[in-house]
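Read through the structure below, which is laid out as structure tokens, and then see the notes.
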Amino acid sequence: KEDIEHVAAISANSKEIGHIIGEAMEKVSKNGVINVDESKGFDTTLDVVEGMQYDKGYISHYFVSDREKMAIELENPYVLVTDYKVSTIQDILPILEQIVKSNKALLIIADDVETEVTNTLIVNKLRGTFNVVATKAPGFGDNQKEQLEDIAILTGAKFIAKDLGLKLNETTMDDLGTITRVIVKKDTTTLIGGHTASEEVASRIKEIEAQLKNAKSDYDKKKFQERLAKLGGGVAVIKVGAMSETELKDKKLRIEDALNATKAAVLEGIVPGGGSILVEIQQELKQTLKDANTDIQRGIQAVLDSLTSPVYQIAENAGFNGNDIVEEQKKQPKEHGFDALAGQWVNLLTAGIIDPTKVTRSAVLNASMIAALFITSQAAVVKLEEAKPATPPMPEY
């Protein structure tokens, strides 16, 4: 937990934010969902509520209501859960008529939705007839049915299943579930605050745990573990508070950035920060990574030379001599490096100066790809600064 807090604190440049994210990760586990929301007060708080996320998003981007986030957020919508394919608008027309009367939103989770039906829903949404969004059901085959049953239990919906002989066009309002809030993005749908009694969700979790215990294949075990994580992990909601709109936006962006860094750290682990690990790698490889081809060796040397750049630049930005710091870094024992803020050589892990392995790895890969693209390009389109005419001399009086 402390390592997670350090990663988040460094990314957000705030120990407070680091602590909140560390607490959120601890409560919902690495597979849990953490959502960032705006608070009505000045304080930033953490709430953990029932909910889940599945890996399917909106069927069409025309459902999107928030163009900046490319997402749809519905408050207290009804939820239709079915493994039917919605082939015609007649299949769901009785429900849509009731939704119009209720003046509430509707989330449709179905095996699929025909293009004609999707277009009809979008047109009526844009006209303001009703507020609706459709997503495909997660998974496939038996696993899809089980996940849809999980969603139905969380939302209190009746699972309109083909195997049970239920008819989609005979669905009533009593068959719909409800959820406090839903956020639908391109590839994910997050359900927050189930309206079902906790006992029913707990009973379902015990049922899945029993199935996991009896599962034979690794594939089945993995699927049961995923369902447990989704249904049992809940959703952590970080409510960001601030004194002004500008501060709120800045704080929210820093928290989202810190969350991404933290998730990367959980996925692939951490390394000593401040660019020290890259200098260590350079020292390990410079003796062994050689090639007889002169051109290839030049490329190898260029990459190796670049690995000292982060340590050099951090030192320069802090007012120290970059070259001196780089040379001293090469002599340091493992996990030790320069704390530019304190101006001291420290054990970086103990001092909490750490980076996600994934972020460090991706930085090297991305820089190499850009460099390769640049040197293999025969021409480039650039914008040249126009020469400004000299300022005329001031008139003499």
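In this note's numbering, the protein residues as written are 26 to 422. Ideal Cβ positions, reconstructed from N, Cα and C, are used throughout, including at glycine. Please read all numbers here as calculations on a predicted model, not as lab measurements.
Any idea if residue i is buried or exposed, counting beta-carbon neighbours within 10 angstroms, 16 or more meaning buried?
i, result
"F399", "exposed"
"P414", "exposed"
"T180", "buried"
"D330", "exposed"
"T313", "exposed"
"L118", "exposed"
"N60", "buried"
"E270", "exposed"
"D116", "buried"
"K315", "exposed"
"K238", "exposed"
"V53", "buried"
"L132", "buried"
Can you find a CB in chain B that lies within less than 8 Å of the CB of residue i?
i, result
"D62", "Considering every chain present, this structure includes no chain B. It has just one protein chain."
Determine the DSSP secondary structure at residue i, reduced to helix, strand or coil.
i, result
"I133", "strand"
"Q369", "strand"
"I84", "coil"
"R323", "helix"
"N101", "coil"
"G298", "coil"
"T140", "helix"
"K161", "strand"
"K276", "helix"
"G344", "coil"
"T205", "strand"
"K359", "coil"
"I117", "coil"
"D108", "coil"
"E63", "strand"
"A412", "coil"
"M77", "strand"
"A283", "helix"
"G218", "strand"
"V407", "coil"
"T70", "strand"
"V226", "helix"
"K264", "strand"
"A397", "helix"
CA-CA distance, residue i and residue j?
i, j, result
"L146", "I114", "9 Å"
"H86", "K161", "14 Å"
"E411", "A396", "27 Å"
"I295", "Y103", "42 Å"
"R279", "E360", "27 Å"
"A376", "A327", "31 Å"
"A130", "D62", "20 Å"
"I233", "N156", "34 Å"
"N285", "Y79", "18 Å"
"Y244", "Q236", "13 Å"
"T385", "Q354", "17 Å"
"G43", "V148", "44 Å"
"K241", "K356", "52 Å"
"K408", "E75", "52 Å"
"Q338", "K274", "28 Å"
"F88", "E122", "19 Å"
"D72", "V58", "12 Å"
"T70", "N194", "44 Å"
"M77", "E309", "45 Å"
"L373", "G324", "31 Å"
"A135", "P163", "9 Å"
"K211", "E224", "32 Å"
"S90", "R152", "13 Å"
"K311", "I45", "41 Å"
"G258", "N38", "28 Å"
"G125", "T154", "Correcting the residue type first, residue 125 is Val in the shown sequence and not Gly. So the two alpha carbons sit approximately 7 Å from each other."
Just to confirm before moving on: does the CB-CB distance between residue i and residue j stay below 8 Å?
i, j, result
"V32", "A290", "yes"
"T214", "G82", "yes"
"V260", "V209", "no"
"T143", "I204", "no"
"I378", "D28", "no"
"T333", "M50", "no"
"F165", "E174", "no"
"R229", "I217", "no"
"I178", "V226", "yes"
"D200", "A182", "yes"
"E293", "T197", "no"
"A283", "S127", "no"
"V336", "V351", "yes"
State whether the stretch 167 to 177 contacts the stretch 104 to 123, with contact taken as three or more CB pairs (one from each stretch) at a distance under 8 Å.
-> Yes, since at least three Cβ pairs between the stretch 167 to 177 and the stretch 104 to 123 fall closer than 8 Å, the two stretches touch.
On the three-pair Cβ rule with 8 Å, is the stretch 82 to 100 touching the stretch 287 to 301?
-> Because the criterion of three Cβ pairs below 8 Å is not met, the stretch 82 to 100 and the stretch 287 to 301 do not touch.
Does the stretch 181 to 193 come close enough to the stretch 137 to 144 that 3 or more CB-CB pairs lie under 8 Å?
-> Using a Cβ-Cβ distance cut-off of 8 Å, the stretch 137 to 144 and the stretch 181 to 193 are not in contact, since fewer than three pairs of beta carbons, one from each stretch, lie closer than that value.
Touch test, the stretch 52 to 72 against the stretch 255 to 269, Cβ-Cβ under 8 Å, three pairs minimum = By the Cβ criterion, the stretch 52 to 72 is in contact with the stretch 255 to 269, since at least three pairs of Cβ atoms, one from each stretch, lie closer than 8 Å.
Is the stretch 349 to 363 touching the stretch 303 to 316 in the sense that three or more CB pairs, one from each, lie closer than 8 Å?
-> Output reads yes: the stretch 349 to 363 touches the stretch 303 to 316.
Could you tell me whether the stretch 342 to 353 touches the stretch 247 to 257, using the rule of 3 or more Cβ pairs below 8 Å?
-> Result no; under three Cβ-Cβ pairs closer than 8 Å.
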